[in-house]
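One structure is given below, encoded as structure tokens.
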Amino acid sequence: SLDLITFTAFIAKMTSRIGRRISILSASEKGIQPLSFASTNLKKIVTPASVTRVGYGAFDDCLNLTDVDFANNSQLEVVEEWAFRGCKNLTFVNFGNNSKLTAIEEDAFRGCESWTRATFGANSQLKNINHAFRYSGIDDITIPASVTCIESYAFDFCSNMKRLYISDLEAWCRLEFESETCHPLNYS
Numbered sequence: 002s003l004d005l006i007t008f009t010a011f012i013a014k015m016t017s018r019i020g021r022r023i024s025i026l027s028a029s030e031k032g033i034q035p036l037s038f039a040s041t042n043l044k045k046i047v048t049p050a051s052v053t054r055v056g057y058g059a060f061d062d063c064l065n066l067t068d069v070d071f072a073n074n075s076q077l078e079v080v081e082e083w084a085f086r087g088c089k090n091l092t093f094v095n096f097g098n099n100s101k102l103t104a105i106e107e108d109a110f111r112g113c114e115s116w117t118r119a120t121f122g123a124n125s126q127l128k129n130i131n132h133a134f135r136y137s138g139i140d141d142i143t144i145p146a147s148v149t150c151i152e153s154y155a156f157d158f159c160s161n162m163k164r165l166y167i168s169d170l171e172a173w174c175r176l177e178f179e180s181e182t183c184h185p186l187n188y189s
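Numbering (this note's numbering), first residue to last: 2 to 189.
Listed below in structure tokens is the structure:
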């Protein structure tokens, strides 16, 4: 079975072991396509800086996935809905330094029960956290100063929340919370 995927160049198309044809990276979009690796036995993912998005459900229900490493100076802009949903053994996600990541969409990491710490590298450009961590094991998160909106249910059912690091108190005071269910302190 496939344990590790390291993307070093763009692959237009490939056929999976079970015979389904999947688009992994499109040359124009430079993104990991929706459902490309859903329910596979991957253990680790390493992406190059050129990947711009992780598509809807791209790694949904990869139960053996433990590590995701996005390169420093990543062009990654968005982690789409359900991208890593249900990856119950995911423990490590490195968003890299100087990432262009601006949005983590709805339920992107929902149900990642073993993932406990969320950190974003230096010079993070993350703006929006949208329902991203519901039902995850997050107990420790650093909110980058660049975040301007945490949407409803972003941390819903994160009952393990113990530590919240605020990198810029002034930015925190300007932060828009859609409701009390999205405020991480509600779960601490």
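We put the CB at the ideal spot given by N, CA and C, even for glycine.
Does residue i pass the burial test, meaning 16 or more other C-beta atoms within 10 Å, or should it be called exposed?
i	result
E82	buried
R175	exposed
Y154	buried
S160	exposed
L66	buried
T120	exposed
L43	buried
With DSSP collapsed to three states, give me the class of residue i.
i	result
E171	helix
L127	coil
A119	strand
E177	strand
R111	coil
F93	strand
When you compare the CB positions of residue i and residue j, do they come within less than 8 angstroms of one another, or not?
i	j	result
R111	D140	no
R39	D62	Correcting the residue identity first, residue 39 is Ala in this sequence and not Arg. Yes. Within cutoff.
Q34	A59	yes
S115	G138	yes
Quick test of your reading: residue i and residue j, contact by CB under 8 angstroms. State the CB separation rounded to the nearest angstrom.
i	j	result
Q76	S37	18 angstroms between Cβ atoms; not a contact.
L127	P145	5 angstroms
Exercise. Only counting runs of 3 or more residues, tell me where the beta strand (DSSP E) segments fall wholly within the segment 135 to 159, in order along the chain.
Key: 141 to 144
Quiz prompt | Entirely enclosed beta strand (DSSP E) segments - the segment 26 to 81, minimum 3 residues | solution = 45 to 48, 68 to 71
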